[in-house]
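Working notes, beginning with the structure itself.
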Amino acid sequence: MASREVVYAAQNYCDRTTAADPITNPDAYYAAQDDEIAILMNTDPDDSSALLEKLYKALADPFLPQRYRAEYSIRRADFEGGQTATLIRAAKVALEGVRNSNRLKGYPEDHDETFLTQMAMLIEIVEACAAGDKSKEDGLEKKFDRIVTHTKKRR
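Residues are numbered in our numbering as their position in the sequence shown, beginning at 1, plus a constant of 28.
Set out below in structure tokens:
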């Protein structure tokens, strides 16, 4: 049985795909693409080939917004593991790009705070995993779960 988040993402994806054109409606296009990736992440963890293919395709898009680039780079590093150091660097650069973009747009410092905190935590978790530091990885995962749970309660 699918979790509520997966069902919601699938419904959202179906609703958005009709209006998801990268030229006329890029926000809907990238949101629908993000929904597809979320569905793949929540399905079969042993079969990551479809997810990795979707991540490769998304990351190859030169117009992919920085927030998605940061998230997809770290997700790819987490699922693929082959070029972890390069992908972690790419995620850090993209995350810094999100921060710079927010500053240039005049947003307050705490704009996107939840997203930025979660992505920074994911980067730390993948770095700990790549370094083989199991205790640090476990501690960071618990902290990340608390942040995500707290965020869901605030909504």
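Glycine included, each C-beta is placed from N, C-alpha and C at the ideal position.
Comparing C-alpha distances from glutamate 99 to each of Leu115, Asp72, Phe91, Ala158 shows the shortest one belongs to Leu115. About 11 angstroms separates the CB atoms of methionine 69 and leucine 80; that is not less than 8 angstroms, and the two are not in contact. Across the structure, aspartate 140 and tyrosine 96 are spaced so that their CA atoms are roughly 13 angstroms apart.
Rounded to whole angstroms, the Cβ separation of isoleucine 102 and alanine 119 is 4 angstroms, and the two are in contact under 8 angstroms.
For glycine 134 against glutamine 94, the beta-carbon gap comes to about 16 angstroms, at or over 8 angstroms, which does not count as contact. Annotation: the stretch 84 to 125 contains the following complete segments of the alpha helix (DSSP H) (minimum length 4 residues), in chain order: 94 to 108.
By the neighbour-count criterion, in which a residue is buried when 16 or more other Cβ atoms sit within 10 angstroms of its Cβ, lysine 170 is exposed. According to the DSSP assignment, tyrosine 57 belongs to the alpha helix (DSSP H) that extends over 54 to 69. Spanning the alpha carbons of leucine 83 and leucine 123 requires a straight line of approximately 17 angstroms. Residue range 141 to 159 is occupied by the alpha helix (DSSP H) that includes glutamate 141. For arginine 104, the closest C-alpha among the options Asn53, Leu87, Phe91 is that of Leu87.
In this structure, DSSP gives glutamate 137 a state outside helix and strand, which the three-state scheme calls coil. Exposed is the label assigned to leucine 132, since fewer than 16 other Cβ atoms lie within 10 Å of its Cβ. Apart from the 5 residues on each side of it in sequence, leucine 150 sits with its Cβ closer than 6 angstroms to the Cβ of Ile102 in its chain, given in chain order.
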